[in-house]
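Only one structure is covered here, and it is reproduced in the block below.
Chains as they are written, first to last, in the working numbering: chain A, 46 to 158; chain B, 3 to 114.
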């Protein structure tokens, strides 16, 4: 079954620690995205990548970093510089072309201990 | 600046009736619009989309209408079913820029 896998489902982090969220897709999509959702808000774009070894900042990239070494994988690191990291993080992928929907994983909820 | 707005945070509809969810946008460069459905602690699921060359798109119980002059789109669900209870997000993108801009969502509750 093709899809997007995010792990873990729940993640806890101590203040001052970096943490990496995993996102893997087997849809053969070129583009991958990371979003953050906070209560009562829409999804806000953190980073996106159109092709391997290339990525662009979204609207709220400060305190985050990404890599795209393989087409299937787009891990997100939440660094200690992110002031308010507690949120629901969503990864998506799509064909990089006009009028193509993005498809989402089931998310990772990150909480600060 | 909120470029995609869903002004109704919540909506309750009787089972079997029509649900109408609304979305307004301000960016005239948007030319592709989508609706997603989201259950708690899950990722959004793509429902239906429409490009700006159309004013209506149907898929089973779901129909999306686009009024470009009013910069308004709506999602109609007929008939509404209990499983439709979820948060619905509208989203938009501009030609040549595949990033999506999302609204804040509308929580739809179907009353049995």
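Where is the CB? At the ideal position from N, CA and C, for every residue including glycine.
Item, Value
"Report yes if the CB atom of residue 133(A) is closer than 9 angstroms to the CB atom of residue 158(A), and no otherwise.", "no"
"Starting from the Cα of residue 104(A), find the closest Cα among 16(B), 103(B), 11(B), 107(B) and give me that residue.", "103(B)"
"To the nearest angstrom, how far is it from the Cα of residue 98(A) to the Cα of residue 119(A)?", "10 angstroms"
"Got a sec? Which residues, its chain only, sit under 7 angstroms from residue 48(B) by beta carbon, not counting five neighbours each side?", "36, 38"
"In chain order, which continuous runs of the beta strand (DSSP E) of length 3 or greater are located wholly inside the segment 106–133 of chain A?", "109–111, 121–123"
"Is residue 28(B) buried or exposed, if buried means 16 or more other CB atoms sit within 10 Å of its CB?", "exposed"
"Residues of chain B with a CB under 9 angstroms from the CB of residue 79(A): which are they?", "Within 9 angstroms Cβ-Cβ: nothing; residue 79(A) doesn't reach chain B, min ~12 angstroms."
"Quick check on residue 42(B): buried or exposed, where buried means 16 or more other Cβ atoms within 10 Å of its Cβ?", "exposed"
"Using a cut-off of 7 angstroms between C-beta atoms, extract the partners of residue 107(B) located in chain A.", "87"
"Specify, as a first and last residue, the run of the beta strand (DSSP E) that residue 99(B) falls within.", "99–104"
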